[in-house]
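Please read the structure below before turning to the comments.
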Amino acid sequence: MDLKFTVMIHVSRPVAQVFEAVADPKELSSYFTTGGASGRLEAGTTVTWDFHDFPGAFPVEVVEVVPNERIVLKWEANEGPPDAAADGPKGAGYSTVATMSFKPTEDGRTLVQIEEKGWRETEAGLAASYGNCMGWSQMLAALKMWVEHRINLREGAYR
Numbered sequence: 001m002d003l004k005f006t007v008m009i010h011v012s013r014p015v016a017q018v019f020e021a022v023a024d025p026k027e028l029s030s031y032f033t034t035g036g037a038s039g040r041l042e043a044g045t046t047v048t049w050d051f052h053d054f055p056g057a058f059p060v061e062v063v064e065v066v067p068n069e070r071i072v073l074k075w076e077a078n079e080g081p082p083d084a085a086a087d088g089p090k091g092a093g094y095s096t097v098a099t100m101s102f103k104p105t106e107d108g109r110t111l112v113q114i115e116e117k118g119w120r121e122t123e124a125g126l127a128a129s130y131g132n133c134m135g136w137s138q139m140l141a142a143l144k145m146w147v148e149h150r151i152n153l154r155e156g157a158y159r
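FYI, the numbering for the sequence shown is 1 to 159, going by my numbering.
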């Protein structure tokens with residue numbers, strides 16, 4: 001069994017605007033990374049993302065960026081609740097890969113798809129994949145609301 005998932009949403013804005021809402025740390029911090037994003041998503045860099053619901057900054061390795069088309073990220077799998085001793089998520093000792101794709105539609109919207117894969121085929125890996133699937137689904141809904149209406153859907157949701 002290959003543990004992976006794909007989630008998607010249509011955003012009623014042009015690809016360049018939607019892509020920037022993900023790549024630009026100020027934009028991303030406005031609707032998704034409730035504790036902030038440390039830098040722009042550029043290939044070969046490592047940025048940190050912080051979330052109020054999972055305290056402690058996550059290092060995110062930016063593997064590939066094709067402007068207005070694709071962003072590939074790699075980060076350590078999380079297979080458990082936050083580690084009280086480290087005040088952050090419990091790392092699993094291996095990484096997963098998330099690929100975001102941005103495709104223009106004929107009607108001027110953008111189809112955003114996120115696939116994440118690479119979990120170990122264990123109960124903990126399966127549970128972690130479900131958690132990330134939920135997180136990416138929330139991210140896409142928040143992205144849509146932010147880009148289309150400038151509403152932060154996650155504001156106050158995790159404090």
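No residue lacks a Cβ here, since even glycine has one placed at the ideal position from N, Cα and C.
Using CA coordinates, which residue listed in 143, 150, 148 and 149 is at the minimum distance from residue 174?
In this structure the chain extends from 1 to 159, so residue 174 is not present and cannot be described.
Looking only at its own chain, which residues have a Cβ that is under 7 Å from the Cβ of residue 36, when we skip the five neighbours before and after it?
29 and 50
Out of 2, 3 and 7, which has the shortest C-alpha to C-alpha gap to residue 115?
When 2, 3 and 7 are compared, the shortest CA-CA separation from residue 115 is found for 7.
Do you know offhand how far residue 3's Cα is from residue 127's?
10 Å
So what's residue 32 in DSSP terms, helix, strand or just coil?
Note: residue 32 maps to coil in three-state DSSP.
Would DSSP call residue 77 helix, strand or coil?
Residue state, collapsed to three classes: strand.
With DSSP collapsed to three states, give me the class of residue 1.
In the three-state reduction of the DSSP assignment, residue 1 falls in the coil class, being assigned neither a helical nor a strand state.
Taking 7 Å as the threshold (C-beta atoms), are residue 68 and residue 15 in contact?
yes
Measure how close the beta-carbons of residue 110 and residue 40 come, nearest whole angstrom, since I'm counting them as under 8 Å.
About 19 Å; that fails the 8 Å criterion.
Using a 10 Å radius around the Cβ and a threshold of 16 neighbouring Cβ atoms, would you call residue 151 buried or exposed?
exposed
Give me the Cα-Cα distance between residue 55 and residue 48, rounded to the nearest whole angstrom.
Computed Cα separation, rounded: 12 Å.
Check the C-beta distance from residue 98 over to residue 79 and give it rounded, since I have them as a contact under 8 Å.
Contact flag wrong, Cβ pair sits at about 16 Å.
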